[in-house]
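As you go down the protein sequences, you meet chains A and B in turn. When we follow numbering that gives the first Met the number 0, the leftmost residue of the first sequence carries the number 0, and every step to the right adds one. When we follow numbering that gives the first Met the number 0, the leftmost residue of the second sequence carries the number 0, and every step to the right adds one. Idealized CB from N, CA, C, for every residue including glycine. This structure is a prediction, so every number in the text was calculated from the model and none was measured.
Protein chains: 2
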Amino acid sequence: MSDPIRTRRGPYAKSAERRQQIVEQAYRAFATRGYHGSSLREIAAASGISLSTLQHHFATKEELLITVLTRRDQQGHGTVSGQEGLPFREHILAQAAANEGVPGLIALYSILSAEAVTPEHPGHVYFAERYDALREEYEAEFAALRAQGRLRPGVEPALAATTVVALWEGVQLQWLYAPDRVDAGAALRAYLELVIVPQRDEP
Amino acid sequence: MSDPIRTRRGPYAKSAERRQQIVEQAYRAFATRGYHGSSLREIAAASGISLSTLQHHFATKEELLITVLTRRDQQGHGTVSGQEGLPFREHILAQAAANEGVPGLIALYSILSAEAVTPEHPGHVYFAERYDALREEYEAEFAALRAQGRLRPGVEPALAATTVVALWEGVQLQWLYAPDRVDAGAALRAYLELVIVPQRDEP
DNA sequence: GTCTATATCGGGATAGAC
DNA sequence: GTCTATCCCGATATAGAC
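(1) Can you grab the Cα-Cα spacing for the pair His123 of chain B / Gln147 of chain A, in whole Å?
(2) Less than 7 Å between the CB of His90 of chain A and some heavy atom of the ligand NAD, yes or no?
(3) For Arg32 of chain B, return the contacting residues in chain A, with the cut-off set at a CB-CB distance below 9 Å.
(4) According to the Cβ coordinates, are Ile65 of chain B and Tyr26 of chain B closer than 8 Å?
(5) In the DSSP output, which residue or residues are listed as bridge partners for Leu150 of chain B?
(6) Is Gly47 of chain B close to chain A? Criterion is C-beta to C-beta, closer than 8 Å.
(7) Can the beta-carbon of Leu144 of chain A be found less than 8 Å from the beta-carbon of Phe87 of chain A?
(8) Return no unless some Cβ of chain A is closer than 8 Å to the Cβ of Met0 of chain B.
(9) How is Tyr26 of chain A classed by DSSP in three states: helix, strand or coil?
(10) Excluding sequence positions up to five away, which residues of its chain have a Cβ less than 6 Å from the Cβ of Thr6 of chain B?
(11) I'd like to know if Val101 of chain B contacts chain A, where contact means its C-beta is closer than 8 Å to some C-beta of that chain.
(12) Provide the residue span of the alpha helix (DSSP H) that contains Val170 of chain B, from first to last.
(13) How many angstroms separate the CA atom of Asp182 of chain B from the CA atom of Ala165 of chain B?
(14) Under the assumption that Thr161 of chain B contacts Tyr190 of chain A (Cβ atoms under 8 Å), give the Cβ distance between them as a whole number of angstroms.
(15) Of the choices A:Arg18, A:Glu16, A:Gly36, whose alpha-carbon is the least far from that of Glu119 of chain B?
(16) Could you spell out where the alpha helix (DSSP H) holding Lys111 of chain A opens and where it closes?
(17) Within the 8 Å Cβ cut-off, does Thr69 of chain B reach chain A?
(18) With 16 as the cutoff for other CB atoms within 10 Å, does Val79 of chain A come out buried or exposed?
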């Protein structure tokens, strides 16, 4: 059996590599100028290829956006997943700190989630589902804390979940405008400490 | 002295009226599709005039955006300004409730503030200054509360100010995605009640 | 897989008649 | 003040050679 593409390490190897380059540059573009504000030409140029080549790998701009979003999702989850045992509060703070370390990641979600508010936006469904999932996940965490008697009385898990998601996004947006004047982690931490009762062996 | 425009109620009356119409439609467009996603043609059509006429009143798209933002600012402040004596907490909640009653207002600020994160965006300076002003204003309010002993111990006025602004914006964004599942006012109220100690004569 | 060339469309801005 | 017509640009997308 002769292999017509034996010069590559594997079939589609070059394609996969190219796609990754393109996704990386698209991510930078979307994160700074949003979806409407970015052009395929600019992304192609940044990737060092022609517009047509980009379009050979991603048929439409929309397909590229979806790829960027889902790709970043997987990477994002991987960042902190090595520390599964962390309690909720530390888990969130670790995630927030990790996000700040990934250039453009915060901007990507902040800009696109606002741009995609209108239902016609190609990213609308993605963000609608993302918010739902985040709220559900955090609500479960808060509910578990309450079951352990570690939630301040009067705090509603559902409302607290919405609040954490909102606070996180909102403080990140302000941080993008004034990184030196806004401390996203501190704001998040202060809220969680206000809402979660410390364990006995904690200070 | 003959008046060449005596058929109007006053000089520039028609212009002012036209400008207001245009601003109104531009506001709707920017609030749903953002700045980049909206076109002058579409705004002109919605205003019932031609593109050229719109451009006669607003030389550039950027000028139109700035006008929309500052115009809405004045109207927004006017809404609740009749109740100057309200304490901080009620003032914020009243403002939030009022905002929800103005269709598109929340979307306008949410979408544009995220889109304008990049310094090249024509609205960037406006939002940077707006965030600074909001944080300063709220910080002063929290500081005043602390002076009265009505701030929960450990709560930093500056951080609380950032938090309120972030929470407000973030919860509004979620509300735009799922108006039936997110209660912006409740989230804001819950946070403020967590942070502000009730007065003696309050429940 | 990658390119050049081109089609087609829609954007903002301009010129000039009325 | 308002319009039609047009310019010029940049956008996505397509065709087809190599």
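Judging by the given coordinates:
(1) Against the second sequence, residue 123 of chain B aligns to sequence position 124. Against the first sequence, residue 147 of chain A aligns to sequence position 148. Distance from the CA of His123 of chain B to the CA of Gln147 of chain A, rounded to the nearest whole angstrom, comes to 45 Å.
(2) Inclusion of the ligand NAD in the displayed structure is not the case, the ligand content being empty and no account of it being possible.
(3) Start at 1 with the first residue of the second sequence, and residue 32 of chain B comes out as number 33. Within 9 Å Cβ-Cβ: His35, Glu114, Thr117, Glu119, His120.
(4) If you number the second sequence from 1, residue 65 of chain B lands on position 66. If you number the second sequence from 1, residue 26 of chain B lands on position 27. Their beta carbons are not under 8 Å apart, which means Ile65 of chain B does not touch Tyr26 of chain B by this criterion.
(5) Numbered from its first residue, the second sequence carries residue 150 of chain B at position 151. Answer by DSSP bridge pairing, in chain order: B:Ile195.
(6) Your numbering for residue 47 of chain B matches position 48 in the second sequence. Not an interface residue.
(7) On the first sequence, residue 144 of chain A is found 145 positions in, with the first residue counted as 1. On the first sequence, residue 87 of chain A is found 88 positions in, with the first residue counted as 1. Yes, the pair counts as a contact, with Cβ atoms nearer than the cut-off.
(8) Here residue 0 of chain B refers to the residue found at position 1 when the second sequence is read from its first residue. Because Met0 of chain B sits at a pLDDT of 43, beneath the cut-off of 50, its placement in the model cannot be relied upon, and the following sentence gives the value as read from the coordinates. Taking Cβ atoms only, chain A never reaches closer than 8 Å to Met0 of chain B, which makes this a no.
(9) Numbered from its first residue, the first sequence carries residue 26 of chain A at position 27. Reduced to three states, the DSSP call for Tyr26 of chain A is helix.
(10) Mapped onto the second sequence, residue 6 of chain B falls at position 7. Its pLDDT being 47, under 50, Thr6 of chain B is placed unreliably in this model, and the value from its coordinates should be taken loosely. Here the set comprises nothing.
(11) The residue given as residue 101 of chain B occupies position 102 in the second sequence. No, because no Cβ of chain A sits closer than 8 Å to the Cβ of Val101 of chain B.
(12) The sequence position of residue 170 of chain B within the second sequence is 171, counting from 1. Counting along the chain, the alpha helix (DSSP H) containing Val170 of chain B begins and ends at 156-176.
(13) Reading the second sequence from its first residue, position 183 is the one you call residue 182 of chain B. Reading the second sequence from its first residue, position 166 is the one you call residue 165 of chain B. If you take the alpha carbons of Asp182 of chain B and Ala165 of chain B, they lie about 15 Å apart.
(14) Indexing the second sequence from 1 puts residue 161 of chain B at position 162. Indexing the first sequence from 1 puts residue 190 of chain A at position 191. 11 Å between Cβ atoms; not a contact.
(15) For the purposes of this step, residue 119 of chain B is taken as the residue at position 120 of the second sequence. Nearest C-alpha to Glu119 of chain B: A:Gly36.
(16) The residue you call residue 111 of chain A lines up with position 112 of the first sequence. Here residue 111 of chain A turns out to be Leu, not Lys, going by the sequence shown. Where Leu111 of chain A is concerned, the enclosing alpha helix (DSSP H) stretches over 104-114.
(17) What you label residue 69 of chain B is simply residue 70 of the second sequence in a count that begins at 1. Chain A, which has no Cβ nearer than 8 Å to the Cβ of Thr69 of chain B, makes this no.
(18) Taking the first residue of the first sequence as position 1, residue 79 of chain A is located at position 80. Val79 of chain A comes out buried.
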